[in-house]
Amino acid sequence: MAIETKVRKIGNSLGIVLPKEALQALKVEEGATVYLTEAPNCSLNINPERPGFEEQMQIAESLMQRYRNTFRELAK
1 MAIETKVRKI
11 GNSLGIVLPK
21 EALQALKVEE
31 GATVYLTEAP
41 NCSLNINPER
51 PGFEEQMQIA
61 ESLMQRYRNT
71 FRELAK
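Residue numbers (full-length UniProt numbering): 1 to 76.
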């Protein structure tokens with residue numbers, strides 16, 4: 001599913017408005033927290049807040065930082 005939306009000026013920032021279809025696919029409502037995570041090829045993933053997600057991301061970021069040289073070598 002591809003949903004098109006535009007980047008808009010919101011106050012002094014830029015933002016996007018998620019259409020109804022995207023909110024239904026993410027199973028989120030107004031006021032919900034979503035996480036943007038970096039993905040390959042200059043893209044982002046949008047993940048709704050799920051129990052334990054933030055803790056998992058902190059663990060993953062800690063491991064990536066600790067073993068960054070190892071990951072860099074593996075990526076070659």
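The beta-carbon is built from N, C-alpha and C at its ideal position, and this holds for glycine as well.
The model shown is predicted, which means the values in this text are computed figures rather than measured ones.
Uninterrupted beta strand (DSSP E) stretches inside the UniProt domain "SpoVT-AbrB" (8-54) (no shorter than 3 residues): Unbroken beta strand (DSSP E) stretches of 3 residues or longer found wholly inside the UniProt domain "SpoVT-AbrB" (8-54): 13-16, 34-39, 43-48, given in chain order.
Excluding the 5 residues flanking E21 on each side, which residues of the same chain have their C-beta closer than 8 Å to its C-beta? Same-chain partners within the cutoff: M1, I3.
Suppose you measure from the CA of I16 to the CA of T33; what does that come to, to the nearest Å? For I16 and T33, the distance between alpha carbons rounds to 15 Å.
Give the C-beta separation of T37 and L26 to the nearest angstrom, bearing in mind that I take them to be a contact with Cβ-Cβ under 8 Å. That pair is no contact at about 13 Å.
Where A60 sits in the DSSP three-state scheme: In this structure, A60 counts as helix in the three-state DSSP scheme.
Give the C-beta separation of F53 and Y35 to the nearest angstrom, bearing in mind that I take them to be a contact with Cβ-Cβ under 8 Å. A Cβ-Cβ separation of about 7 Å places F53 in contact with Y35 under the 8 Å criterion.
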